[in-house]
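For the sequence shown, counting from 1, position 73 maps to 235 in the numbering used here; every step adds exactly one.
Note that CB positions come from ideal geometry on N, CA and C, so glycine has one too.
All remarks here apply to the structure that follows.
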Amino acid sequence: MSEQKYYPEDILVEKMESGEYGWLDYINHYSAEWQEEYGRYCEENGFSIGNESAAEYVRHKDAELEAAMENGEA
Numbered sequence: 163m164s165e166q167k168y169y170p171e172d173i174l175v176e177k178m179e180s181g182e183y184g185w186l187d188y189i190n191h192y193s194a195e196w197q198e199e200y201g202r203y204c205e206e207n208g209f210s211i212g213n214e215s216a217a218e219y220v221r222h223k224d225a226e227l228e229a230a231m232e233n234g235e236a
């Protein structure tokens, strides 16, 4: 089994901007935790795994972070 390679956010943004990666690639190369959470997110919301649901998941994570910052939790 090959080991998954993860990248820092700045590298992932570069790969997205260049068109090399889509949102699903972003999640798969961000962290194992995000991969697992994304799978649960899709299952819980009845989404298929793909770029559209991956983009929705990233928006969801951004909203979570923003809420945590507003509440002084991040």
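Any idea what DSSP makes of Q197, helix, strand or coil?
-> The answer is helix: DSSP assigns Q197 an H, G or I state.
Report the three-state DSSP secondary structure of E235 (helix, strand or coil).
-> Residue state, collapsed to three classes: coil.
Could you check what DSSP says for K167 in three-state terms: helix, strand or coil?
-> Here K167 sits in coil by DSSP.
In angstroms, rounded to a whole number, what distance separates the CA positions of S215 and M231?
-> Between the alpha carbons of S215 and M231 lies a distance of about 24 Å.
Grab me the residues of I169's own chain with a C-beta within less than 6 Å of its C-beta, minus the 5 sequence neighbours each way, in chain order.
-> Residue identity check: residue 169 is Tyr in the sequence provided, not Ile. Contacts found: H191.
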